[in-house]
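Chains as they are written, first to last, in this note's numbering: chain A, 1 to 148; chain B, 149 to 341.
Below is one structure, written out as structure tokens; comments come after it.
Shown next as structure tokens:
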């Protein structure tokens, strides 16, 4: 099988050297693109966003989800820190902030008997809020692209 | 005005001067159009492919790595656009199974014998080329008409160098068969006459 393959490759290389087809192919006349070709291309190009604007858009598309991801991770960290029995200074500080936040939120005790950290109950709410925000941003960007 | 080189105009475009792209289009439009024409086989499709390729090139100009020439990078876009357009249409460019003319027909139209033979050869090769599939047609075009070596064809098509060689070999064999058959038919016709 390998021998056959080698023979085949050798035959190809030989044929490449004695190229009969080249004798038949004469240099062709160069066909010109139609009149106004450049103008038509440039008209379409001018409708496109600038490369620098596209770069900004790409950065924005990375930064926005990254920022929300960071908020999400912070929420989890807060929840873990405030849930520990021995509170560090940092945890006390976070607890104060979450206390302020919880005062701003409706005062309804969802799980009074649960032993899970207090802030953890707000995580589903956070996820939901982020999902809504994300879909709103996507819709807005799509509308922008269509209007462009 | 002197052409200052592809890289100069690319940097201008990336710097926000969109009009600099005009120079790139002007410089490469005929080569792009010719490659598209040979792969697609008709002017309308070639025009569409060429325009589309320049637009795609503009959109992804930031992605041009400058480790190959701009023309090679542009050819790659043209190659991919041509193949995808042909596949989308799923139609054979020329459905004629036999070469529709013989050398004598050319002599009756072009009275100079040498010119008639040249035109006959050119038409015969064009016919054979159109009977290949789109990928082989592109490889033959790049090798013979654009005079690229197998390494450069490999860069344009994304195929390995050995694969390019194998495809080139098979496409050439097929073209030779078509040409020989047409010439045989031509000889038989003349003997009959």
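Beta carbons are placed, not taken as given, at the ideal position from N, Cα and C, and that holds for glycine.
Limits of the unbroken alpha helix (DSSP H) element including residue i
i	result
residue 267(B)	261 to 278
residue 289(B)	Looking at the DSSP string, residue 289(B) is not in any alpha helix (DSSP H), and its letter there is neither H nor E.
residue 216(B)	Note, residue 216(B): premise wrong, no alpha helix (DSSP H); not H, not E.
residue 41(A)	37 to 47
residue 165(B)	Counting along the chain, residue 165(B) falls outside any alpha helix (DSSP H), and DSSP gives it neither H nor E.
Listed by chain order, chain A residues near residue i by CB distance under 9 Å
i	result
residue 327(B)	21 and 24
Interface flag, residue i vs chain A, CB-CB below 8 Å
i	result
residue 209(B)	yes
residue 345(B)	Beyond the ends of chain B as shown, which are 149 and 341, falls residue 345(B); an answer cannot be given.
residue 160(B)	no
residue 260(B)	no
residue 173(B)	yes
residue 323(B)	yes
residue 292(B)	yes
residue 156(B)	no
residue 306(B)	no
residue 320(B)	yes
residue 241(B)	Confidence in residue 241(B) is poor, its pLDDT being 48 and thus under 50, which makes the residue's placement too unreliable to answer from.
Helix, strand or coil at residue i [DSSP, three-state]
i	result
residue 135(A)	helix
residue 96(A)	helix
residue 195(B)	helix
residue 328(B)	helix
residue 223(B)	helix
residue 301(B)	helix
residue 150(B)	coil
residue 319(B)	helix
residue 205(B)	helix
residue 52(A)	helix
residue 33(A)	coil
residue 74(A)	helix
residue 130(A)	helix
residue 211(B)	helix
residue 194(A)	This structure leaves residue 194(A) out entirely; chain A is present only between 1 and 148.
residue 159(B)	helix
residue 190(B)	coil
residue 142(A)	helix
residue 308(B)	coil
residue 182(B)	helix
residue 105(A)	coil
residue 295(B)	coil
residue 228(B)	helix
Within chain B, partners of residue i - CB distance below 8 Å
i	result
residue 33(A)	177, 178, 180, 181, 195 and 198
Listed by chain order, chain A residues near residue i by CB distance under 7 Å
i	result
residue 214(B)	Under the 7 Å cutoff, chain A gives no residues; its nearest Cβ is about 15 Å from residue 214(B).
residue 206(B)	45 and 48
Min CB distance residue i to chain B below 8 Å
i	result
residue 52(A)	yes
residue 55(A)	yes
residue 37(A)	yes
Contacts of residue i in chain A (Cβ-Cβ under 8 Å)
i	result
residue 312(B)	Per Cβ cutoff of 8 Å: no residues; residue 312(B) is ~11 Å from chain A at best.
residue 185(B)	31
residue 189(B)	What residue 189(B) touches in chain A: nothing, since even the nearest Cβ is about 12 Å away.
residue 224(B)	Simply none; closest approach about 18 Å.
residue 164(B)	50, 51 and 52
Closer than 9 Å at the beta carbon, the chain B residues around residue i
i	result
residue 41(A)	169, 170, 173, 177, 198, 199, 202, 203 and 206
Short CB-CB distance (under 8 Å) between residue i and chain D
i	result
residue 67(A)	Annotation note: the requested chain D is absent from the structure, which comprises protein chains A and B.
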